[in-house]
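> Chains as they are written, first to last, in my numbering: chain L, 1 to 294; chain U, 1001 to 1272.
Below is the structure I would like to discuss, written out as structure tokens.
Here's what the structure looks like:
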């Protein structure tokens, strides 16, 4: 028993020390900084300003715009991904029954989401190009004029959301497909004997049985979508104007690239952190309804 | 009737795969196109392939250096994350101690933290420690970020190994460490491969942390970004060539280790 004690200490400590010092300490520093007037360019006397940074966020229209854009990006993107993924996962499930073809299909679906976000962002920027991008080529086949999707504030954000959908709807399909695999087959067989068609089996059997996993898929995807930086940065860097500026881009520009206002950027990111913690608390509660040792 | 339905389903699936892979196909052929075949009024599907784009990008020491940096940083942090992570996961899975569930819970929270909230203080910390822009700082940063992922996955794998194997080893006189090293770890090999693949892809693909925390020792995605966002015009052929290089690891995993990969995604998001 004594040996186990020592082993426990030896096994757990290094990993958690690293996480504590590299991941948790910055959190605490971020909260501390958000209460000061720290600026990396104009070095003035460091002093506490209380909640001033937080209050000014609510009067800063650019900051509010960033929160609004993040909300649209996550809300619209994740919703559409879910609407695509739900029927698609059932189509894959009912069409490809063999184990080998199933694993091949899953790999085919999984590959696009393993493309670096930098690469997929640039690729789509190239495809959206008004002069020689593939999308405008395709549009010209049906007689439409070329259109600069990323230069028009009205279409820039939705064009980026489309990239997110392209890359991450496969994620939801993968989760739902593996959930479908783990369902018992008997209800589906019974329904087939009762002459239910595929749509009925999907709507009255698969959807209700999958409902618990919906939540997990949606929340994991939301948390990932909340921190999309690379894609947006390489595609528009927040432009045109501030049309595609999400919270992460805004905080980066404020804190490092443009203003050096680290304390203000920290306040913005602390709010982001609070939002994420709320969402991740929901998910951990949900996941732990099942016994963790299974 | 059933056959027609199946055919319809297959057509829908193929349609989806076309949408999914048309951009990737376009990336690959652009990488082998001359500039004159890229800037065209009509899309060119047939052209004389060239390696000029790859020659151009490899003529920059910045690019070759960043690929080497990426490999060093990724391999370094993956190896460390596997060692530290599987030890911690083993303890969480096997030892009964106070706060055990809390630890695993907390691990998940670290995985979900928004990078922007930690990257600014990290920047200050590494600068103050005089470690800004070193391999060490990036490896440790990526280690901390991929540890939760490895721990989360490995706990799931260890839990599936029957404890009786270990008990019989201990009856035969194996200590805790020997049991872990020679009995449990070999049995958890699939889990280690899965964790290695997923954390490799995650670190290799990430641009954000290296973007803020490095300038000379930057990784490949950072260099792609800086070459694409500076200058008046973007050299699309060359960018596509870099894009092709950047997806090689994922492509290799998807082709040669797809079952591990899929097992990993499942483990990551269902906690089993």
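Note that the Cβ used here is the ideal one computed from N, Cα and C, for glycine as well.
Just to confirm, are residue 81(L) and residue 160(L) a CB contact at a threshold of 8 Å?
no
> Taking only beta-carbon atoms, is residue 222(L) less than 8 Å away from chain B?
Included in the structure are the protein chains L and U, with no chain B among them.
> Quick check on residue 124(L) - is its C-beta less than 8 Å from some C-beta in chain U?
yes
> For residue 1266(U) and chain L, any beta-carbon pair shorter than 8 Å?
yes
> Which of helix, strand or coil does DSSP assign to residue 95(L)?
DSSP places residue 95(L) in helix when its eight states are reduced to three.
> Just reading off the alpha helix (DSSP H) that residue 161(L) is part of, what are its end residues?
153-182
> Give a yes or no on whether the C-beta atoms belonging to residue 225(L) and residue 156(L) are separated by under 8 Å.
Contact flag unset, no.
> Grouping DSSP H, G and I as helix and E and B as strand, with all else coil, what is residue 1028(U)?
helix
> Alpha carbon to alpha carbon, what distance is there between residue 189(L) and residue 90(L)?
15 Å
> Taking only beta-carbon atoms, is residue 72(L) less than 8 Å away from chain U?
Chain U, which has no Cβ nearer than 8 Å to the Cβ of residue 72(L), makes this no.
> Indicate whether residue 38(L) and residue 51(L) have their beta-carbon atoms separated by less than 8 Å.
no
> Quick check: the Cα distance between residue 1003(U) and residue 1016(U), rounded to an integer number of angstroms?
20 Å
> Along the region 1163-1195 of chain U, what residues have a CB closer than 7 Å to any CB found in chain L?
1175, 1176, 1177
> Have a look at 1265(U), 1152(U), 1037(U), 1259(U) and flag the residue whose alpha-carbon is nearest the alpha-carbon of residue 1091(U).
1152(U)
> Counting only Cβ-Cβ distances shorter than 7 Å, please list the residues of the region 1218-1249 of chain U near chain L, keeping chain order.
1221, 1224, 1225, 1228, 1229, 1236, 1239, 1243, 1246, 1247
> Could you check which residue in 1008(U), 1045(U), 1080(U), 1031(U) has the C-alpha nearest to that of residue 19(L)?
1080(U)
> Could you tell me which chain U residues have their CB closer than 9 Å to the CB of residue 114(L), listed as they occur along the chain?
1201, 1205, 1247, 1249, 1250, 1251, 1253, 1254, 1261
> Is it buried or exposed, residue 1061(U), if we count other Cβ atoms within 10 angstroms and call 16 or more buried?
exposed
> Evaluate the contact criterion for the region 27-42 of chain L versus the region 1113-1121 of chain U: three or more CB pairs, one atom per stretch, below 8 Å.
The region 27-42 of chain L is in contact with the region 1113-1121 of chain U.
> Per DSSP, which one or two residues make a beta bridge with residue 48(L)?
36(L)
> Can you find the residues in the same chain that come closer than 8 Å, C-beta to C-beta, to residue 293(L), ignoring five residues on each side of it along the sequence?
Below a pLDDT of 50, predicted positions are generally treated as unreliable, and residue 293(L), at 37, falls in that range; the measurement from the model is reported next regardless. Closer than 8 Å at Cβ, skipping near neighbours: no residue.
> List the residues of chain L whose Cβ lies closer than 7 Å to the Cβ of residue 1043(U), in chain order.
Those are 134, 137, listed as they occur along chain L.
> Do residue 176(L) and residue 110(L) have their C-beta atoms within less than 8 Å of each other?
It is not a contact, given that the beta carbons lie outside the stated cut-off.
> Given that a residue counts as buried once 16 or more other Cβ atoms are within 10 Å of its Cβ, and exposed if not, what is residue 1186(U)?
By the 10 Å Cβ count, residue 1186(U) comes out exposed.
> Does the distance from the C-beta atom of residue 1149(U) to that of residue 1209(U) stay below 8 Å?
no
> Tell me the rounded alpha-carbon separation between residue 1266(U) and residue 1194(U).
11 Å
> For residue 258(L), is the classification buried or exposed, using 16 other Cβ atoms within 10 angstroms of its Cβ as the cut-off for buried?
Exposed.
> Which of the residues in the region 49-62 of chain L, read from start to end, lie with their CB under 8 Å from any CB of chain U?
none
> Just the chain U side, please: which residues come within less than 8 Å of residue 270(L) by C-beta, in chain order?
1117
> Let me see if you follow: with CB-CB separation under 8 Å, is residue 1026(U) close to chain L or not?
yes
> Around the C-beta of residue 1111(U), are 16 or more other C-beta atoms found within 10 angstroms, so that it is buried, or is it exposed?
buried
> Exposed or buried, what is residue 125(L) when buried is set at 16 or more other beta-carbons lying within 10 Å of its beta-carbon?
buried
> Does any C-beta atom of chain L lie closer than 8 Å to the C-beta of residue 1049(U)?
no
> Is there a Cβ from chain L that is less than 8 Å from the Cβ of residue 1039(U)?
yes
> Should residue 227(L) be labelled buried (16 or more other beta-carbon atoms within 10 Å of its own) or exposed?
buried
> Any residues in the region 1106-1137 of chain U with a beta carbon nearer than 8 Å to a beta carbon of chain L? Which ones, in chain order?
If you check each beta-carbon in the region 1106-1137 of chain U against every beta-carbon of chain L, the ones closer than 8 Å belong to 1107, 1108, 1109, 1110, 1112, 1113, 1114, 1115, 1116, 1117, 1118, 1119, 1120, 1121, 1122, 1123, 1124, 1125.
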